[in-house]
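Counting in full-length UniProt numbering, the sequence shown runs from 1 upward without gaps.
Glycine residues also receive a C-beta, built at the ideal position from the N, C-alpha and C atoms.
Working notes, structure below.
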Amino acid sequence: YRLSASLDERTYAACAGHLQDLLCQECSPYAAHLYDAEDPSTPVRTIPGLCQDYCMQVWQNCRSIFRSLSADPELIALESNMAKFCRYLSLEDTDYCFPHLLANQNLNQNLGLVTADAEGCLQLCLVEVANGLRNPVAMVHANDGTHRFFIAEQVGLVWTYLPDGSRLEKPFLNISEAVLTSPWEGDERGFLCIVFHPKFKFNGKVYVYYSVEVRYEERIRISEFRISPTDMNALDHGSERIILEIEEPASNHNGGELLFGEDEYLYIFTGDGGMAGDPFGTFGNAQNKSALLGKVLRIDVNNNDRGPLYRIPPDNPFISDPTAHPEVYAYGVRNMWRCSFDRGDPQTKEGKGRLFCGDVGQNKYEEVDIVEKGKNYGWRAREGFSCYDKKLCTNSSLDDVLPIYAYPHKMGKSVTGGYIYRGCESPNLNGLYIFGDFMSGRLMSLKEDHATGEWQYNEICMGTGQTCMFPGLINNYYQYIISFAEDEAGELYFLSTGVPSATAPHGVVYKVVDTSRRAPPGKCRVEPSPVKVKSKRIPFVPKEKFIMKTPTPNPRLKTTTEAPWGGVPEPRTPRTPAVDGMGRAPPPPGDRGRTPTTAALTTAAPKPGQGGERRGQRRKKKPPANGAVRLMRQGRRGRGRGRVEVFIDGEWGTVCDDGWSLPAAAVVCRQLGFPYVVRATKKAEFGEGSSLRILLDDVQCSGQERTLLECSHADVGTHNCSHEEDAGVECSRDQGTDW
Numbered sequence: 001y002r003l004s005a006s007l008d009e010r011t012y013a014a015c016a017g018h019l020q021d022l023l024c025q026e027c028s029p030y031a032a033h034l035y036d037a038e039d040p041s042t043p044v045r046t047i048p049g050l051c052q053d054y055c056m057q058v059w060q061n062c063r064s065i066f067r068s069l070s071a072d073p074e075l076i077a078l079e080s081n082m083a084k085f086c087r088y089l090s091l092e093d094t095d096y097c098f099p100h101l102l103a104n105q106n107l108n109q110n111l112g113l114v115t116a117d118a119e120g121c122l123q124l125c126l127v128e129v130a131n132g133l134r135n136p137v138a139m140v141h142a143n144d145g146t147h148r149f150f151i152a153e154q155v156g157l158v159w160t161y162l163p164d165g166s167r168l169e170k171p172f173l174n175i176s177e178a179v180l181t182s183p184w185e186g187d188e189r190g191f192l193c194i195v196f197h198p199k200f201k202f203n204g205k206v207y208v209y210y211s212v213e214v215r216y217e218e219r220i221r222i223s224e225f226r227i228s229p230t231d232m233n234a235l236d237h238g239s240e241r242i243i244l245e246i247e248e249p250a251s252n253h254n255g256g257e258l259l260f261g262e263d264e265y266l267y268i269f270t271g272d273g274g275m276a277g278d279p280f281g282t283f284g285n286a287q288n289k290s291a292l293l294g295k296v297l298r299i300d301v302n303n304n305d306r307g308p309l310y311r312i313p314p315d316n317p318f319i320s321d322p323t324a325h326p327e328v329y330a331y332g333v334r335n336m337w338r339c340s341f342d343r344g345d346p347q348t349k350e351g352k353g354r355l356f357c358g359d360v361g362q363n364k365y366e367e368v369d370i371v372e373k374g375k376n377y378g379w380r381a382r383e384g385f386s387c388y389d390k391k392l393c394t395n396s397s398l399d400d401v402l403p404i405y406a407y408p409h410k411m412g413k414s415v416t417g418g419y420i421y422r423g424c425e426s427p428n429l430n431g432l433y434i435f436g437d438f439m440s441g442r443l444m445s446l447k448e449d450h451a452t453g454e455w456q457y458n459e460i461c462m463g464t465g466q467t468c469m470f471p472g473l474i475n476n477y478y479q480y481i482i483s484f485a486e487d488e489a490g491e492l493y494f495l496s497t498g499v500p501s502a503t504a505p506h507g508v509v510y511k512v513v514d515t516s517r518r519a520p521p522g523k524c525r526v527e528p529s530p531v532k533v534k535s536k537r538i539p540f541v542p543k544e545k546f547i548m549k550t551p552t553p554n555p556r557l558k559t560t561t562e563a564p565w566g567g568v569p570e571p572r573t574p575r576t577p578a579v580d581g582m583g584r585a586p587p588p589p590g591d592r593g594r595t596p597t598t599a600a601l602t603t604a605a606p607k608p609g610q611g612g613e614r615r616g617q618r619r620k621k622k623p624p625a626n627g628a629v630r631l632m633r634q635g636r637r638g639r640g641r642g643r644v645e646v647f648i649d650g651e652w653g654t655v656c657d658d659g660w661s662l663p664a665a666a667v668v669c670r671q672l673g674f675p676y677v678v679r680a681t682k683k684a685e686f687g688e689g690s691s692l693r694i695l696l697d698d699v700q701c702s703g704q705e706r707t708l709l710e711c712s713h714a715d716v717g718t719h720n721c722s723h724e725e726d727a728g729v730e731c732s733r734d735q736g737t738d739w
């Protein structure tokens, strides 16, 4: 309206329609194409790309309107020459010129779909949001209009992040001294979840779920805290009230989810008590409604300032069963790790209130369930769709609910439940359930077929080609996917790490972005409520980079362990490469830096004047390149496995195992020509190289490097370890090879 007001009556009648059409292309699903925004090497257009016939038509009658739309001096200079003017506004890819693209069936038939590769893998991109975290287990928001988010570390600290991405120096909560956990990789105990009361804005209450030791007994504890009366970005640590404690017979399968439903009741998700196969009692904890383990519990913590700390909701399903705990809402679960309520379709609210959970499997299958009141989810009778305990499985009274999806352990060994996307910024993702696997690093999605009620599976890959070549976007991530999250606006995130230890600061938070279709400009803008800050702000500095992919095949990591959150894993590659998000090691950069595993023998004819040299003698070997590696075992060269020795500045030396992980092992294996890495070994498993100096310590690799020297490490020759900590590797040429 502002622009058309400047047009005279004749020009308005002839040109107002064109003016509106051109302005509206900023909101087109194809705006990225029309404005040439996909190629970062070219400037973004001020006028959408026009088809030649349409451009000539507009030029003849309405070329004056372009001065209102663009201040581009080159375009204005060409205004008097129709051919040059329309050539300037044309697109190299004529399929996308306006208005012909509106009638192009090939383009429009997939308008509402996420871009997929030839194998159907959905191509998404990421934005790095936070880094340097120690096993970030949860990210939540306060739902108070401030659009802050809070990230919990397994050690027992929770950090406040402001809408501008900065973190507050003072933690929101620090109960690290009370939390029971350890540095060993795969420890499932620790601070596991935090959730804000739906009326937090008014009552200031927050609930946490963590492991604790009480008189040599391990327990899970659900506690309530209140916000500090003097700082809206910190909890009052003296306000803790223990709502519920449950004894844990083993250190694994601790559950770890807290959620508030639309009913404002608190949902608590417990594991089956640990060990393997739920061996407790006749039928296990999960099938025993008189046990609180292996359950979804629902309690009422509203108005609990006086009287009991919680009450039983009157419609809990087993409230009248004298053999059942009245807190039980659903049962038969093994170890549900990350659950979420569906916000519902933004327009229709369809699906609102559905409760999705990932339930970690035992030996064969991982599953995703929709949890409903009073239902039995089958464990230990069933694992996924298959029978685990055959005797229980054939029991006609079991009446268990099958998962909406299950996948075998060749795809991953520890499901991490996710969310149904209901955000604003990536409309094509609406209704897609996005989840992952902790062990394999696989990102996955499910889409409901409303006609059949079945859920269709699609894998998620990192975008290829120019899909993610936009400022701020990346196409790779650390592979141990710990958790998923929503922000206050409904946008989707996931949290992962390169080293699954509660004390390793390698955790990163990523925002999921679909570049195939973005929301119109301004539609998703939020206006956060003001936050009074008393602590120092620490600006966010992103560290991850966009990776330009190469067609070289990827060395893969051989899975040799059981799922974490149910076993002790070996660390694997810290960053999932952009090719497929599958936890595979990065592609080898050609033959540079590779060292043959045996010295080459050659024969050389004597040169003139060198009569003393005999035919067939060994040619004097060139010294190895700086950063070359070899494997040693029992005093001789190891064939695919052994102690790592590295050549630096004219001498061979060993590598200390501080920080040693599979990404570093992948670098070594690739140098030696092996496509697979099986293990990164520690504690001089292949013997001590006591005759050599220790040359490298504190080696930290992303897996992309050509040699260990390109990794982060202490100064050469500087270390604080002994040969008892010599690092080693086990490599393989065949994914199925056992050494």
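Measure the beta-carbon distance from residue i to residue j and round it to whole angstroms, keeping in mind my assumption that it falls under 8 Å.
i, j, result
"residue 729", "residue 668", "5 Å"
"residue 725", "residue 657", "5 Å"
"residue 185", "residue 500", "5 Å"
"residue 655", "residue 696", "5 Å"
"residue 265", "residue 313", "5 Å"
"residue 401", "residue 375", "5 Å"
"residue 723", "residue 684", "6 Å"
Quick one: residues in its chain with C-beta nearer than 7 Å to the C-beta of residue i, no 5 flanking neighbours on either side, listed in chain order?
i, result
"residue 660", "680, 682, 699, 727"
"residue 274", "248, 249, 250, 251, 252, 253"
"residue 350", "344"
"residue 120", "458"
"residue 166", "537, 538, 539, 540"
Name the DSSP beta bridge partners of residue i, please?
i, result
"residue 123", "461"
"residue 236", "226"
"residue 447", "432, 456"
"residue 538", "167"
"residue 482", "Note: residue 482 sits in no beta bridge, so no partner."
"residue 193", "209"
"residue 511", "127, 493"
"residue 381", "DSSP output for residue 381 lists no bridge partner at all."
"residue 159", "151"
I'd like the list of long-range same chain contacts for residue i, defined as Cβ closer than 8 Å, with 5 residues on each side in sequence excluded.
i, result
"residue 219", "211, 212, 213, 245, 246, 247, 248"
"residue 353", "261, 262, 341, 342, 344"
"residue 151", "130, 133, 136, 138, 139, 158, 159, 161, 495, 509"
"residue 86", "50, 52, 55, 56, 59"
"residue 713", "696, 697, 698, 699, 700"
"residue 127", "472, 473, 474, 510, 511, 513"
With H, G and I counted as helix, E and B as strand and the rest as coil, what does DSSP make of residue i?
i, result
"residue 68", "helix"
"residue 141", "strand"
"residue 732", "strand"
"residue 12", "helix"
"residue 209", "strand"
"residue 336", "strand"
"residue 295", "strand"
"residue 4", "helix"
"residue 406", "strand"
"residue 697", "coil"
"residue 175", "coil"
"residue 56", "helix"
"residue 359", "strand"
"residue 724", "helix"
Is residue i a contact residue of the ligand ATP, with contact defined as CB to any heavy atom under 7 Å?
i, result
"residue 341", "Ligands in the displayed structure: none, and consequently the ligand ATP is not present."
Among the residues of its own chain, which have a CB less than 6 Å from the CB of residue i, if the five just before and after it don't count?
i, result
"residue 132", "505"
"residue 387", "393"
"residue 204", "226, 227"
"residue 241", "224"
"residue 309", "243"
"residue 719", "656, 694, 697"
State whether the region 498 to 506 contacts the region 442 to 454, with contact taken as three or more CB pairs (one from each stretch) at a distance under 8 Å. no
Three or more C-beta pairs below 8 Å linking the region 476 to 491 and the region 129 to 143: yes
The region 207 to 214 touching the region 253 to 268, judged by at least three CB pairs closer than 8 Å: yes
At least three beta-carbon pairs within less than 8 Å, the region 428 to 442 to the region 407 to 418: yes
Are at least three pairs of beta-carbons, each pair with one atom in the region 328 to 340 and one in the region 289 to 302, less than 8 Å apart? yes
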